[in-house]
Amino acid sequence: MNTIYFHIKKESGKPDQEEETAFRQAGEIIRSGGLVAFPTETVYGLGGDALNPESSRKIYAAKGRPSDNPLIVHICRFEDIRVIVSRLPEAAVKIAHAFWPGPLTMILPKSGLVPPETTGGLDTVAVRFPSHPAARKLIAYSGGYIAAPSANLSGRPSPTSAKYVAEDMDGRIDVIIDGGEVGIGLESTILDLTSDVPRILRPGYITREMLDEVLGKVDIDVTIIDPQSRQAPKAPGMKYRHYAPKGKLVIVEGTPEQVIRYINTHAETDRLSGEKTGVIATAEVLEQYHADVVKCIGSREDEEAIARNLFSILREFDDDNVTSIYSESFPAHGLGQAIMNRLLKAAGHRIVRL
Ligand code: TXA
Ligand code: MG
30 MNTIYFHIKK ESGKPDQEEE TAFRQAGEII RSGGLVAFPT ETVYGLGGDA LNPESSRKIY
90 AAKGRPSDNP LIVHICRFED IRVIVSRLPE AAVKIAHAFW PGPLTMILPK SGLVPPETTG
150 GLDTVAVRFP SHPAARKLIA YSGGYIAAPS ANLSGRPSPT SAKYVAEDMD GRIDVIIDGG
210 EVGIGLESTI LDLTSDVPRI LRPGYITREM LDEVLGKVDI DVTIIDPQSR QAPKAPGMKY
270 RHYAPKGKLV IVEGTPEQVI RYINTHAETD RLSGEKTGVI ATAEVLEQYH ADVVKCIGSR
330 EDEEAIARNL FSILREFDDD NVTSIYSESF PAHGLGQAIM NRLLKAAGHR IVRL
């Protein structure tokens with residue numbers, strides 16, 4: 030398949046005739062069962078018609094993803110949610126009011142219109158109303174319901190720019206809409222509203238503290254807090270090995286001095302035994318590491334930059350053929366909970382506590 034590329038400006042200001050035509054064309058491709066990758070405020074998505082079982086099958090095939098792992102349905106107007114859910118609890122309305130459009134996904138009981146192919150056979154559906162203008166425009170032109178997982182091959186880090194989408198998807202899908210780099214860089218927070226107490230199934234930019242403030246109290250899936258938990262995570266996708274770079278990644282936690290000493294010693298040993306070594310470092314201590322490739326993830330003071338840079342750094346280590354990677358650790362509250370959740374998965378939960 031020959032993938033078509035559409036380039037759009039990051040901030041859609043004045044209506045642009047050429048862009049409008051591109052969106053219309055991409056929307057028609059989705060309506061007729063094709064696949065289009067597009068930017069959202071979190072990561073790039075791989076979109077197909079959510080109400081067409083054949084489109085969902087194609088999404089799984091393009092990603093190489095197990096078909097029991099359900100897709101998120103993206104909408105571009107709050108009212109449209111009523112078509113795809115069978116019940117809309119008060120809590121969902123409150124959450125939508127507070128955080129939509131934005132980086133939050135709700136799990137709700139699905140209506141008969143959503144095919145089981147889209148929800149991995151579950152009787153619930155994940156719904157998200159993204160804030161990115163390009164995403165909203167594409168959804169509108171596509172008929173209102175786009176099923177979209179992150180636009181990476183299954184197991185690879187989610188793509189934060191179109192160049193990473195192309196790396197994984199060129200030749201496998203019809204269109205890639207290039208809207209530059211995304212703003213957040215980690216996937217949406219997933220909130221399950223089908224249980225008595227709402228529960229976070231995947232941490233993201235909308236934090237537990239922010240949700241607590243609107244709903245009183247929310248739970249968090251135990252498997253997120255305690256990776257040793259034997260329970261299966263409630264979001265099927267959270268059980269898979271994810272975000273993994275090709276090299277072996279180890280997280281090191283301790284005081285800055287301890288971490289620097291540990292990483293430098295181990296990177297040196299690894300280098301002597303023939304490994305290509307890498308370090309994920311914060312700006313404050315960047316200069317103090319010795320390894321083949323030292324990458325700056327941002328300032329320790331700027332969690333948003335750390336979130337935004339994480340997935341692209343993991344991919345760059347692959348491009349550089351780094352085989353042994355060490356990363357600093359981050360405090361796991363607020364946005365840090367999402368950062369550590371993704372980092373721990375990428376590391377296969379290898380963490381050294383000094
Ligand atoms: O930010 C995002 O959410 C991005 C962009 C493209 O919108 N999408 C995304 O999709 O991250 P994906 O497929 O990579 O992750 C969806 C997660 C998976 O872990 C999946 O198991 C879970 O959502 N999920 C989807 N439907 C569910 C359901 N009905 N019940 C529980 N978990 C569900
Ligand atoms: Mg994904």
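The sequence shown begins at 30 in my numbering and counts up by one. Glycine included, each C-beta is placed from N, C-alpha and C at the ideal position.
- For the pair T153 and I175, the CB atoms are not nearer than the 8 Å cut-off.
- A direct Cα-Cα distance of roughly 50 Å separates D225 from T294.
- According to DSSP, R228 shares a beta bridge with D221 and D248.
- Remark: C-beta atoms of S171 and K139 do not approach each other more closely than 8 Å.
- Put simply, of K246, Q287, T148 and S187 the residue whose alpha carbon is nearest the alpha carbon of A79 is T148.
- Leaving aside the five residues that flank W129 on each side, the residues in its chain whose CB is nearer than 6 Å to its CB run, in chain order, F158.
- For G131, the shortest separation between its Cβ and any heavy atom of the ligand TXA does not lie below 7 Å.
- Between the beta-carbon of L167 and that of G63 there is about 12 Å, and that puts the pair past the 8 Å contact cut.
- The DSSP-derived three-state label of G56 is helix.
- With contacts defined as CB atoms closer than 8 Å, F35 and V204 qualify as a contacting pair.
- The alpha-carbon of I309 is positioned some 27 Å away from that of D207.
- Taken in chain order, the complete beta strand (DSSP E) segments of 3 residues or longer contained in the region 77-143 are 101-103 and 133-138.
- DSSP places V194 in no beta strand (DSSP E) but in the uninterrupted alpha helix (DSSP H) bounded by A191 to M198.
- Cβ-Cβ distances below 6 Å link T306 to A296, D299, R300, A320, D321 and S353 in the same chain, with the five nearest sequence neighbours on each side left out; the list follows chain order.
- If you draw a straight line from the Cα of A336 to the Cα of R382, it is about 22 Å long.
- Between I213 and E83, the C-beta spacing is not below 8 Å.
- Here DSSP, grouped into helix, strand and coil, assigns V308 to strand.
- DSSP, read as helix, strand or coil, puts D152 in coil.
- Taking C-beta separations shorter than 7 Å and ignoring five residues to either side along the sequence, the partners of L343 in its chain run P186, Y272, P274 and A375, following chain order.
- Within the same chain, L215, P232 and G233 come within 6 Å of A367 by CB-CB distance, once the 5 residues on both sides are set aside.
- In the DSSP secondary-structure assignment, E357 is bridged to V281.
- Measuring C-alpha to C-alpha distances from F359 to each of S85, D349 and L373 identifies L373 as the nearest.
- Taking the Cβ atoms as the reference, T32 lies roughly 11 Å from D197, outside the contact range of under 8 Å.
- Per DSSP, R185 lies in no alpha helix (DSSP H) segment and is marked neither H nor E.
- Judged by DSSP in its simplified three-state form, I202 adopts coil rather than helix or strand.
- Looking at S179, A180, V156 and G184, the one whose alpha-carbon comes closest to that of G173 is V156.
- It is roughly 46 Å from the alpha-carbon of T223 to the alpha-carbon of E286.
- When DSSP states are grouped into helix, strand and coil, D241 belongs to the helix group.
- Beta-bridge analysis with DSSP links V322 to G307.
- In the DSSP assignment, F67 is bridged to G74.
- Excluding its 5 nearest sequence neighbours in each direction, D349 has C-beta neighbours in its own chain below 6 Å: V322, listed in chain order.
- CA-CA distance, P144 to V288, rounds to 49 Å.
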